[in-house]
Every structure is written in structure tokens, then in C-alpha cells.
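In order, the protein sequence lines correspond to chains A and B. Each residue of the first sequence is one higher than the one before, starting from 1 at the first, in the numbering used here. Each residue of the second sequence is one higher than the one before, starting from 136 at the first, in the numbering used here. Following: one structure in C-alpha cells, then a few remarks.
2 protein chains.
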Amino acid sequence: MVSFAGFPPEGEGPIYLRIVRFIRAGVAAGTVVDGDEMPSRRVVSATLGVNPNTVQKAYKMLEEEGLMVSRSGAKSFAVVTPESVDAARARLQAEEIGRVVSALRRSGMEKSEAMALLSRLWDQDEQAEERGESE
Amino acid sequence: MVSFAGFPPEGEGPIYLRIVRFIRAGVAAGTVVDGDEMPSRRVVSATLGVNPNTVQKAYKMLEEEGLMVSRSGAKSFAVVTPESVDAARARLQAEEIGRVVSALRRSGMEKSEAMALLSRLWDQDEQAEERGESE
DNA sequence: TGAACTGTATTAGCCACATAATACGGTTAT
DNA sequence: ATAACCGTATTATGTGGCTAATACAGTTCA
């Protein structure tokens, strides 16, 4: 049974995305194995103190990513094939970031500059989300 | 006088950010010269069919970026210096990579992962160019 | 001075999004 | 069959960002 034991009580971003992130991390780390039973929406909602629909939103997203399967009325189970799942996700992101990489290189930016820029913007985006501000 | 002639009638994101982007691009491209008079909030609002305050929001941001100056009651002018041009270019690039940052964070990726991904894609893109396979 | 501009501040409406409340329908074990 | 679970759909509420409506205040020039 997949456990929400170590779920961070407080974190950044919407709850449903934190749930998605948590399960993704479990899959990536191997804590979640293939065929593992997922706790029900209601159980998770009680554990985290949120509405079942919030969990449903996260589970639905995870299902669309191929990380779990649900059948109406029955239990839900994790689907873990680390290579394919990770590769698929990385490929999607790689396509997007790849365009930017080319654009930045064409504009004459150095790799170190791009890395620094990404680092800075990442923290910036994090802080912006924390405070709900733009700048 | 800075012109909004070629302003794209439709585009992505909030109007005020599209205005900011438009002026940034003009500064970066050299279409806007130093001391160039900016059309008033009301004139631009009439041209684009939006509220003057929407233009004000854009102008305020541009001023904070050092791309223009405003004095209460008087006309506004563009500021085009080596520094402001660099700032405009940097902002345009930052916005591009910023979209990726948000996308990556929203998908639950960790910062270290994103950094590693950028690094890998950068080298990849570099090698592709060496082989003459660019775009 | 005063008219016609200019930039700026305050307030409210609207809409998208995250979350909750509630209800409905399917599966499973007894 | 039926109780106790399960997933799912619909609707409502609260919040934040974008835009608009309106009013206020400064500059310029005849």
C-alpha cells in the first residue's frame, strides 16, 4: 500500500500538485512499486485534511500520466515502469526546454550564463508562488 | 515618437505584458531610440481599445526596468542606453526561460533535475550545431 | 489664469483557478 | 441482497489577477 506518511505538512503550490509531486517522487525513488495499492481518495483526504475532490484531481492527473489506474467503484493501483514513465516525462519537458536552449545559444548566451539564469529564475518563480506576487 | 503600429492584435498572455514585451522588443531591436517620446496612456489605450490603467500598468513596469521615464503630468520618454538595451534583451530571454521554469515546476520537477536537464540539452544542442544539424 | 493635455491613485467587476460540499453510481465481501 | 466501501460528477465558495470606471493631481502653453 502506497503511504502518505512522509507527506510534507506544508509546501509550495496547490495541494493537488503537491500530491502529484509526492507520488511522482515515490515512483522515481522506487518507494512505490508496480501494482501497489493506492489509498482511497477519502482516506488520503482524511489524512491530509482536505476534500476528497482535491485528491481526485491529483489522482486523475497521475492516471493521465500513466502512473496509476482507477476503476469506478474499485481500488486504485500504481503503475510503475520507471524507464518509460520518466523518459516520457523528460522527453516532453526536453522538447519545451530545448526550444529555449537553441534560442538562447543563438542569441549568444554562454552556457554558464544560462545555468545561472535558470537558477535565479527558479528561485524567483518559487518565491513568487509563495507570496502570490509577481514582483 | 514610439509607434504601436505593428502591435499584434492578438497574442498570448495579459495585455499589459504584451505591451511590455512589445516595447522591450523595440528597444532590443533598436527601433526605439533614446529620448523617443512615448505615446500617452490614453492615446495607447484608445489605439489598442483597452483601459488607460492597463497601459499604465505596462508603463510602470517598463519604468521599473529602466526602459522609460515618467513625470507626473508631463510626457513620457524612452530610455535607450547600453544598459537598458541589455536589460531589455535579458528580460526577453528571462521571460522565455521563465515560462519553461514555471512549466517544469508545475510538473513537479526539482530544481536540480531542471539544472541537469538544461546542462544536458545545452551540450546536445552544441554538438548538433557542430555537425551542422541546427534546426 | 485656464484649458487641454499629462501621469497616478482608488475602487469595483469579472473571470480563472483551487478547493469544498454534496450527490450519484459501481464494486466487493459478507 | 446489503452494507461498506470505492471512484466520479456536479455545483458552490473563496481568492487572486486582469481590466475597467472614475476621480484626483501635475505640467504645459496661450
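Using N, Cα and C, we set each Cβ at its ideal position, and we do this for glycine too.
- Nearest C-alpha to arginine 42 of chain A among A:Gln56, A:Asp36 and A:Val32: A:Gln56.
- When beta bridges are read from the DSSP output, phenylalanine 212 of chain B appears opposite B:Glu172 and B:Val204.
- Here valine 168 of chain B is exposed, its C-beta having fewer than 16 other C-beta atoms within 10 Å.
- Beta-carbon to beta-carbon, alanine 181 of chain B and glycine 201 of chain B are separated by about 27 Å, too far to satisfy the 8 Å threshold.
- Between the beta-carbon of tyrosine 59 of chain A and that of serine 72 of chain A there is about 13 Å, and that puts the pair past the 8 Å contact cut.
- The distance from the Cβ of alanine 213 of chain B to that of aspartate 171 of chain B is about 4 Å, consistent with a contact at the 8 Å cut-off.
- Listed in chain order, the positions of the stretch 44-68 of chain A with a beta carbon within less than 8 Å of a beta carbon of chain B would be empty, since no residue qualifies.
- By a beta-carbon distance limit of 8 Å, glycine 146 of chain B contacts arginine 153 of chain B. Their separation comes to about 5 Å.
- For proline 8 of chain A, the three-state secondary structure derived from DSSP is coil.
- For glutamate 218 of chain B, there are no neighbours in chain A by C-beta distance under 7 Å, as the nearest C-beta there is about 17 Å away.
- Valine 101 of chain A and glutamine 228 of chain B have their alpha carbons spaced roughly 10 Å apart.
- Considering only beta carbons, the part of the stretch 209-239 of chain B lying closer than 7 Å to chain A consists of Gln228, Ala229, Glu231, Ile232, Gly233, Val235, Val236, Ser237, Ala238 and Leu239, in chain order.
- Under the 9 Å criterion on CB atoms, glutamate 126 of chain A is classed as interfacial with respect to chain B.
- Nearest CB-CB separation between glycine 26 of chain A and chain B: not below the 9 Å threshold.
- Among the residues of the stretch 1-34 of chain A, those with a Cβ less than 8 Å away from any Cβ of chain B are Gly13, Leu17, Val20, Arg21, Arg24 and Ala25, in the order of the chain.
- One thing to note: phenylalanine 22 of chain A has its Cβ no nearer than 9 Å to the Cβ of proline 39 of chain A.
- From the listed residues B:Gly148, B:Pro149 and B:Val179, the smallest Cα separation to glycine 141 of chain B is found for B:Val179.
- Assignment of glutamate 113 of chain A by DSSP, reduced to helix, strand and coil, places it in the helix class.
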